[in-house]
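Residue numbers (my numbering), protein chains in the order written: chain A, 100 to 180; chain B, 46 to 235. C-beta: ideal position from N, C-alpha, C; glycine also.
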Amino acid sequence: MADSSTEIHEAVALFANRQLADCPLDLPISDIITDSFQYVEFALDMEDRFQVTFSDTDLPSLKTVGDVISYIVAASGGTAA
Amino acid sequence: MSHDDHEQWLLSYYRHSEIAGSLFFGRLARSIRKPEIQHDLTRHYADEAQHAWLWTDCMRELETAPLRIGSAYQDQYLEAAGIPSNLMEVLAITLTFEKRVIRQYAEHRLIPGTSPAILTTISRIMEDERWHIEWVSRALKNMHPQYGETYIQDTLERYRHADEEVYAKTMQEYAEQLHQFAELQEKHHG
């Protein structure tokens with residue numbers, strides 16, 4: 100279960116190899132994921148960290164870092180801080 | 046193209062495909078942290094790299110050299126099948142792909158007069174491929190409680206359809222090479 104949106108935000112920034120300040124909520128996911136395999140790696144990383152299962156239709160619909168955080172928080176039964 | 050040209054293309058294709066598989070599983074092995082999957086997946090990655098080496102070695106024994114191949118089967122696979130979004134989907138696409146690989150090698154092995162070096166290489170690789178299917182099938186079965194049996198079966202079915210689509214659309218060159226090679230081989234040995 101995701102503990103908080105901050106924890107998820109940190110995990111996304113870590114995946115992107117960026118400081119948290121350089122990974123704003125409105126940052127497009129396409130800036131982080133540049134090829135189809137990175138997409139797979141990102142999905143597996145988030146699944147592993149937060150026990151959230153993305154479907155093949157969910158993940159492509161998430162356009163920004165903020166969208167991903169909201170999705171994971173909702174899927175893990177929490178609320179965004 | 047001569048018999049030797051077809052053979053060179055086919056072996057180069059197999060080598061290229063094994064390298065593509067190795068790179069794919071290498072990246073997965075780096076990402077996945079679940080211990081029970083990580084262990085088998087890392088062996089799978091090592092097997093694919095070993096297979097690429099076996100084909101390279103086989104080609105040297107046959108006094109030929111690998112050609113540069115444009116794209117592997119895997120390269121078109123994700124596009125047609127959809128990009129896997131979770132671990133179960135990654136394993137489902139792997140299972141579908143491994144079954145295709147086994148069929149290709151089995152078909153090649155049946156061509157009369159195939160050189161002993163190629164037969165030995167295919168036999169060694171197929172032994173590993175059978176284990177690949179076994180461990181991935183087991184892992185998928187163990188995922189029933191997490192993902193649900195229906196979702197897993199539906200995903201396998203979706204990838205099976207995609208596999209047929211990719212094979213029909215993009216594998217003409219491989220099929221033609223194999224067919225022409227088999228014909229020339231039959232003339233030569235028949």
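Closest Cα partner of residue i within the set the options
| i | options | result |
| --- | --- | --- |
| M145 of chain A | B:V211, B:E124 and B:S76 | B:S76 |
| A142 of chain A | A:N116, A:T105, A:V111 and A:S103 | A:V111 |
| T200 of chain B | B:L155, B:A126 and B:P157 | B:A126 |
| K186 of chain B | B:M133, B:G66, B:A227 and B:D50 | B:M133 |
| E172 of chain B | B:I147, B:K214, B:L86 and B:A220 | B:I147 |
Residue i, buried or exposed, once every other Cβ within 10 Å from all chains shown has been counted against 16
| i | result |
| --- | --- |
| P127 of chain A | exposed |
| D125 of chain A | exposed |
| H233 of chain B | exposed |
| H108 of chain A | buried |
| N131 of chain B | buried |
| S160 of chain A | exposed |
| F153 of chain A | buried |
| A180 of chain A | For A180 of chain A, the pLDDT reaches just 38, beneath the cut-off of 50, and the residue's location in the model is therefore unreliable, although a value from the coordinates is still provided. So A180 of chain A ends up on the exposed side. |
DSSP bridge partner residues for residue i (one or two, in chain order)
| i | result |
| --- | --- |
| P111 of chain B | Paired residue(s): none; P111 of chain B is not in a bridge. |
| P80 of chain B | Answer by DSSP bridge pairing: none, since P80 of chain B is not bridged. |
| P127 of chain A | A:T163 |
Residue i in three-state terms, based on DSSP
| i | result |
| --- | --- |
| A180 of chain A | Any reading at A180 of chain A must be qualified, since the residue scores a pLDDT of 38, below 50, and its modelled position is unreliable; the value itself is stated next. If DSSP states are grouped into helix, strand and coil, A180 of chain A belongs with coil. |
| Q225 of chain B | helix |
| N187 of chain B | helix |
| T156 of chain A | coil |
| M133 of chain B | helix |
| C103 of chain B | helix |
| L155 of chain B | coil |
| S47 of chain B | coil |
| M100 of chain A | Bear in mind that the predicted position of M100 of chain A carries a pLDDT of just 46, short of 50, making it too unreliable to give a figure here. |
| V139 of chain A | helix |
| Q230 of chain B | helix |
| I171 of chain A | helix |
For the segment 148-155 of chain B against the segment 99-115 of chain B, are there 3 or more C-beta pairs whose distance is under 8 Å?
no
Sufficient close CB pairs (3 or more, under 8 Å) joining the segment 56-68 of chain B to the segment 161-175 of chain A:
no
contact_flag[the segment 163-180 of chain B, the segment 130-146 of chain B] where n(CB pairs < 8 Å) is 3 or more:
yes
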